[in-house]
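The block underneath contains the structure these notes are about, expressed in structure tokens.
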Amino acid sequence: MQVSATDAKNRFGYYLSQAECEPVQVMKNDRVAVVMVSAARYAELEALERTKTLGQRKREFNETYAEWIAAQNGLIDRVGVFGEDYRPW
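Sequential numbering from 7 applies to the sequence shown in the working numbering.
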């Protein structure tokens, strides 16, 4: 829903209740100046911002398990990959 800034000011209570159901875009100078959303939707958006990226999670994993990863790589260097001789490709 799009409304003008003046209309939003004059009918703020109405658009506040509408924002519970759907985002209300407030237009000023022919562009979206503000979007009103419900508190629940705002909390969802805040939670999305706080989630870690895949790269961050990979770095954390590598830092946490660095010793184990090094041990596994050492084992593969010494013994090789199990069944490597039997691969048809």
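C-beta atoms are modelled at their ideal positions from N, C-alpha and C, and glycine is treated no differently.
What you are looking at is a predicted structure, and each value in this text was computed from that prediction instead of being measured.
| Asked | Found |
| --- | --- |
| In chain order, what are the residue ranges of uninterrupted alpha helix (DSSP H) at least 4 long that sit wholly in the stretch 24–48? | none |
| Per DSSP, which residues does residue 9 bridge with? Please list them. | 32 |
| Would you mind reading off the limits of the alpha helix (DSSP H) that contains residue 67? | 60–70 |
| Looking at C-beta atoms only, is the number of pairs between the stretch 36–54 and the stretch 13–25 that lie closer than 8 Å three or more? | yes |
| On the criterion of 16 or more Cβ atoms from any shown chain inside 10 Å, does residue 32 qualify as buried, or is it exposed? | buried |
| If you measure between the beta carbons of residue 21 and residue 9, is that distance less than 8 Å? | yes |
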